[in-house]
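Trainee:
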Amino acid sequence: MGSAKKSKTVKPTSLERVAAILMELRKAYPDVVCALNHKNAWELTVATILSAQCTDVRVNLVTPALFKAFPTPKAMAAASLPELEELVRTTGFFRNKAKNIQGAARVVVENFGGKVPQTMEEILTLPGVARKTGNVVLGSFYGIAVGVVVDTHVLRLSKRLELTKHTQPIPVERDLVKILPQDRWIQFSHELIHHGRAICVARKPRCVDCTLEYLCNAADKTWSSH
Ligand code: SF4
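Heads up, the sequence shown is in the numbering used here, so the first residue is 506 and it goes up one at a time.
#1: So, helix, strand or coil for S694, using DSSP?
#2: Taking the alpha-carbon of G597 as reference, which of L681, W728, T560, A650 has the nearest alpha-carbon?
#3: According to DSSP, simplified to helix, strand and coil, what is L520?
#4: Would a C-beta distance cut-off of 8 Å place P587 and V614 closer than the cut-off?
#5: Can L660 be considered in contact with the ligand SF4, in the sense that its beta carbon sits closer than 7 Å to one or more heavy atoms?
#6: With H, G and I counted as helix, E and B as strand and the rest as coil, what does DSSP make of P686?
#7: For R522, count the other beta carbons within 10 Å of its own beta carbon; 16 or more makes it buried, fewer makes it exposed. Which is it?
#8: Closest to L530 by CA distance: which of T727, K726, T716, W728 is it?
#9: Does the separation of the CB atoms of T595 and R563 fall below 8 Å?
#10: Comparing alpha-carbon positions, which option in M625, H695, H731 lies nearest S645?
#11: By the three-class DSSP mapping on this structure, what secondary structure does H731 have?
#12: The ligand SF4 heavy atoms versus the CB of K726: any closer than 7 Å?
#13: What would DSSP say about S585, mapped onto helix, strand or coil?
#14: Would the stretch 601–616 and the stretch 645–661 be scored as touching if the rule is three or more Cβ pairs under 8 Å?
#15: Looking only at its chain, what residues have a beta carbon closer than 8 Å to the beta carbon of T727, apart from the 5 residues adjacent to it on each side?
#16: Is it right to say V706 is buried, meaning 16 or more other beta carbons lie within 10 angstroms of its own, or is it exposed?
#17: Determine the extent of the alpha helix (DSSP H) in which N545 is found, giving its start and end residues.
#18: Is it the case that the stretch 536–553 contacts the stretch 631–640, given that we only count it when at least three CB pairs across the two stretches are under 8 Å?
#19: What is the DSSP secondary structure of L668, reduced to helix, strand or coil?
#20: Have a look at P686, S556, A584 and flag the residue whose alpha-carbon is nearest the alpha-carbon of C539.
Now the structure itself:
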């Protein structure tokens, strides 16, 4: 635990405290990977677009049939929109999502030779792709750390752990890249997402079971040792 245990006297974003949080997360989730099933960068791009306002479990139920029907960006670019809508219907906002994945397929085919590009600037030109999806694909698939994935869990936990005072993804990401070492940007998100699902849940965080508890001074803790 080290001296970071006396978290009330330590600046929340101090090197020492951040290092202790990173160490605990790595210990708790040593082999954590992206929960969206995928075989290539294109599948991960589509799965991440579909995961907006939807659980990864639901997306994983939908993508096998989707990629069986339309296995490549070229096939998806030429698909009938109603057919795509039907295949992604249960992920919610299906009209928009179908339009976006088809639009993304067309941009990938027409501008990038059928391959998902490997820079944030280029990947952001795909319809339906914002920084979160860009970071997921670049980080989880290509292993390129250009930022930190900020989803609903990373947003909530970063705030609870006082790693940021912001509440919107872009400024939160800006704060995180300042305080986290770059070689932890990719894994940190995976770990925090798992922690947010398993322990630090939105309504009643399970603080009594939390390995970060000794470092945490969140106002809505349900149990505290200090
Ligand atoms: S102690 Fe509670 S609020 Fe803090 S990170 Fe752990 S589960 Fe979340």
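Every residue gets a Cβ at the ideal spot worked out from N, C-alpha and C, and that includes glycine.
Mentor: With the structure as the only source:
#1: helix
#2: The shortest Cα separation from G597 among L681, W728, T560, A650 belongs to T560.
#3: Of the three classes helix, strand and coil, the one that applies to L520 here is helix, per DSSP.
#4: no
#5: Answer for L660: no, Cβ out of range of the ligand SF4.
#6: coil
#7: buried
#8: T716
#9: yes
#10: H695
#11: coil
#12: The answer is yes for K726.
#13: coil
#14: no
#15: K709, P710, R711, C712, V713
#16: exposed
#17: Careful: N545 lies outside any alpha helix (DSSP H) and carries neither H nor E.
#18: yes
#19: It is coil, neither helix nor strand.
#20: S556
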